[in-house]
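*Asks:*
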Amino acid sequence: MNFDSSKALQRATGRAKSDVANKLVSMFLHEVSRKTCLAGGLAVSDTRYRETVVESFGHRCLYCDRELEHDRAAVEHLEGMNRFRAGLHIPGNVAMACRRCNAEKRRDDQNPVLSLAQSGWESFLSHDGTLCPDGCKTCAYWSAHFQDIETRAQMMRTARDKIFRFQEPFRRFTEWSTNARPAIQKNVERLYRDCQNFATVEIEKLTSELNFDFEKLANNRSTGK
Numbered sequence: 430m431n432f433d434s435s436k437a438l439q440r441a442t443g444r445a446k447s448d449v450a451n452k453l454v455s456m457f458l459h460e461v462s463r464k465t466c467l468a469g470g471l472a473v474s475d476t477r478y479r480e481t482v483v484e485s486f487g488h489r490c491l492y493c494d495r496e497l498e499h500d501r502a503a504v505e506h507l508e509g510m511n512r513f514r515a516g517l518h519i520p521g522n523v524a525m526a527c528r529r530c531n532a533e534k535r536r537d538d539q540n541p542v543l544s545l546a547q548s549g550w551e552s553f554l555s556h557d558g559t560l561c562p563d564g565c566k567t568c569a570y571w572s573a574h575f576q577d578i579e580t581r582a583q584m585m586r587t588a589r590d591k592i593f594r595f596q597e598p599f600r601r602f603t604e605w606s607t608n609a610r611p612a613i614q615k616n617v618e619r620l621y622r623d624c625q626n627f628a629t630v631e632i633e634k635l636t637s638e639l640n641f642d643f644e645k646l647a648n649n650r651s652t653g654k
């Protein structure tokens with residue numbers, strides 16, 4: 430069995446406030462990205478940038494090199510746009526990936542501390558089966574893609590080299606983002622915590638104002654009705 434409905438329901442029940450906080454974090458990072466692109470004179474939507482992405486990777490996943498399909502492609506942020514990686518939607522950090530790689534990379538992106546590399550995308554491409562303890566799900570993902578260990582290592586090296594070459598023309602953006610990351614992360618963490626606290630207080634306040642007969646529901650439970 431590959432899917433556990435019980436665990437999925439458990440996760441969904443407990444993440445409501447986090448979803449709201451993460452949305453605000455995304456909005457904040459997009460606003461920083463907008464100002465960064467404006468200052469740098471180049472946006473991800475510009476023709477020049479989009480053409481560079483296609484020239485670098487074709488219409489293929491930048492990680493596993495599989496051909497992209499309309500319903501199986503995702504805009505990929507090499508340094509994830511979340512509270513842990515604080516990546517931006519700027520030139521040099523945005524390309525296209527297949528949905529499977531995009532989803533799998535989140536395991537590294539959601540780790541507060543990376544052990545295999547400095548960045549989320551490099552960490553993702555370091556799970557060659559030799560560096561992690563047994564049971565690593567990301568290593569298993571890559572092993573399923575490339576069963577031969579030498580082929581797997583070569584494909585990962587090729588992907589890393591291709592990404593480094595792709596980023597080279599946009600180094601001013603990626604280096605600026607790296608230098609600004611500590612300050613961005615500090616504000617992101619503050620925004621995340623403030624949002625969760627606000628949501629907790631306001632939801633409790635508004636819920637208490639509802640004129641619902643919860644006592645009747647509790648009584649029906651005790652009588653089995």
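First residue of the sequence shown: 430, per the numbering used here; consecutive thereafter. Every residue gets a Cβ at the ideal spot worked out from N, C-alpha and C, and that includes glycine.
How far does the beta strand (DSSP E) with glutamate 505 in it reach, from first residue to last?
*Replies:* Position 76 of the sequence shown, counting from 1, holds the residue named residue 505. 502-506 is the span of the beta strand (DSSP E), which, as asked, contains glutamate 505.
*Asks:* Have a look at Cys530, Asp433 and Asp623 and flag the residue whose alpha-carbon is nearest the alpha-carbon of aspartate 494.
*Replies:* Here residue 494 is taken as the residue at index 65 of the sequence shown, counted from 1. Considering only alpha carbons, the answer is Cys530.
*Asks:* Quick one: any contact between the region 536-550 and the region 573-586, if contact means 3 or more CB pairs under 8 Å?
*Replies:* Touching, no.
*Asks:* According to DSSP, is alanine 515 helix, strand or coil?
*Replies:* Walking along the sequence shown from the start, residue 515 turns up at place 86. Coil, per DSSP.
*Asks:* Rounded to whole angstroms, what's the CA-CA distance from glutamate 638 to lysine 464? Just pull it up for me.
*Replies:* Sequence index remark: in the sequence shown, residue 638 carries index 209 (1-based). Sequence index remark: in the sequence shown, residue 464 carries index 35 (1-based). C-alpha separation (whole angstroms): 41 Å.
*Asks:* Work out the CA separation of phenylalanine 641 and glutamate 480 for me, nearest whole Å.
*Replies:* In the sequence shown, the residue the question calls residue 480 occupies position 51. In the sequence shown, the residue the question calls residue 641 occupies position 212. If I take the Cα positions, the gap works out to 57 Å.
*Asks:* For tyrosine 714, which residues in the same chain have their Cβ closer than 7 Å to its Cβ, ignoring the five residues on either side in sequence?
*Replies:* Any answer about residue 714 is impossible in this case: the structure gives the chain only from 430 up to 654.
*Asks:* Going by the beta-carbon positions, is the gap between arginine 589 and leucine 554 smaller than 8 Å?
*Replies:* Within the sequence shown, the letter at position 160 stands for residue 589. Within the sequence shown, the letter at position 125 stands for residue 554. Cβ distance < 8 Å, so arginine 589 and leucine 554 count as in contact.
*Asks:* Does DSSP put alanine 546 in a helix, a strand or coil?
*Replies:* In the sequence shown, the residue the question calls residue 546 occupies position 117. Looking at alanine 546 - three-state DSSP - the assignment turns out to be coil, as it is neither helix nor strand.
*Asks:* Tell me whether the beta-carbon of alanine 515 lies closer than 8 Å to the beta-carbon of arginine 610.
*Replies:* Within the sequence shown, the letter at position 86 stands for residue 515. Within the sequence shown, the letter at position 181 stands for residue 610. Result yes, Cβ atoms of alanine 515 and arginine 610 sit closer than 8 Å.
*Asks:* If you draw a straight line from the alpha carbon of glutamine 596 to that of valine 482, how long is it in whole angstroms?
*Replies:* Counting from 1 along the sequence shown, the entry for residue 596 is found at position 167. Counting from 1 along the sequence shown, the entry for residue 482 is found at position 53. The straight-line gap from Cα to Cα measures roughly 10 Å.
*Asks:* Going by the CB atoms, is the gap between glycine 521 and glycine 636 shorter than 8 Å?
*Replies:* For the purposes of this step, residue 636 is identified with residue 207 of the sequence shown, where counting begins at 1. For the purposes of this step, residue 521 is identified with residue 92 of the sequence shown, where counting begins at 1. Here residue 636 turns out to be threonine, not glycine, going by the sequence shown. In this structure, glycine 521 does not lie closer than 8 Å to threonine 636 by Cβ.
*Asks:* Determine the DSSP secondary structure at methionine 525, reduced to helix, strand or coil.
*Replies:* As a first step, residue 525 is located in the sequence shown; it is residue number 96 there, counting from the start. Correct three-state label for methionine 525: strand.
*Asks:* I believe alanine 628 touches valine 454 by the beta-carbon criterion, under 8 Å. Please report the beta-carbon distance rounded to the nearest angstrom.
*Replies:* Counting from 1 along the sequence shown, the entry for residue 628 is found at position 199. Counting from 1 along the sequence shown, the entry for residue 454 is found at position 25. Contact flag wrong, Cβ pair sits at about 13 Å.
*Asks:* Say yes only if the C-beta of arginine 600 is nearer than 7 Å to one or more non-hydrogen atoms of the ligand SAM, and no if none qualify.
*Replies:* This structure does not include the ligand SAM; it has no bound ligands of any sort.
*Asks:* Should serine 606 be labelled buried (16 or more other beta-carbon atoms within 10 Å of its own) or exposed?
*Replies:* On the sequence shown, residue 606 is found 177 positions in, with the first residue counted as 1. It counts as buried.
*Asks:* Looking at the unbroken alpha helix (DSSP H) that takes in glutamate 633, where does it start and where does it end?
*Replies:* On the sequence shown, residue 633 is found 204 positions in, with the first residue counted as 1. Glutamate 633 -> alpha helix (DSSP H) spans 600-637.
*Asks:* With burial defined as no fewer than 16 other Cβ atoms inside 10 Å of the residue's Cβ, what is the status of asparagine 511: buried or exposed?
*Replies:* Taking the first residue of the sequence shown as 1, we reach residue 511 at position 82. By the neighbour-count rule (16 or more Cβ atoms within 10 Å), asparagine 511 is buried.
*Asks:* Give me whichever residues DSSP pairs with aspartate 496 in a beta bridge.
*Replies:* Against the sequence shown, residue 496 aligns to sequence position 67. Contrary to the premise, residue 496 reads as glutamate rather than aspartate in this sequence. Answer is Arg489.
*Asks:* Would you tell me roughly how many angstroms separate the C-alpha atoms of lysine 436 and glutamate 631, rounded to the nearest one?
*Replies:* Here residue 436 refers to the residue found at position 7 when the sequence shown is read from its first residue. Here residue 631 refers to the residue found at position 202 when the sequence shown is read from its first residue. Cα to Cα, lysine 436 sits roughly 28 Å from glutamate 631.
*Asks:* Kindly give me the distance between the Cβ atoms of glycine 549 and aspartate 537, rounded to whole angstroms, as I take these residues to be in contact under 8 Å.
*Replies:* Within the sequence shown, numbered from 1, the residue matching residue 549 stands at position 120. Within the sequence shown, numbered from 1, the residue matching residue 537 stands at position 108. That pair is a contact at about 5 Å.
*Asks:* Using C-beta distances below 8 Å, list every residue in its chain close to glutamine 576, excluding the 5 sequence neighbours before and after it, in chain order.
*Replies:* As a working note, residue 576 is residue 147 in the sequence shown. Correct list: empty, nothing qualifies.
*Asks:* Thinking just about the alpha-carbon of each residue, which of Gly509, Tyr492 and Cys527 is nearest to the one in aspartate 500?
*Replies:* Locating residue 500 in the sequence shown gives position 71, counting from the first residue. Residue Cys527 is the option with its Cα nearest to aspartate 500.
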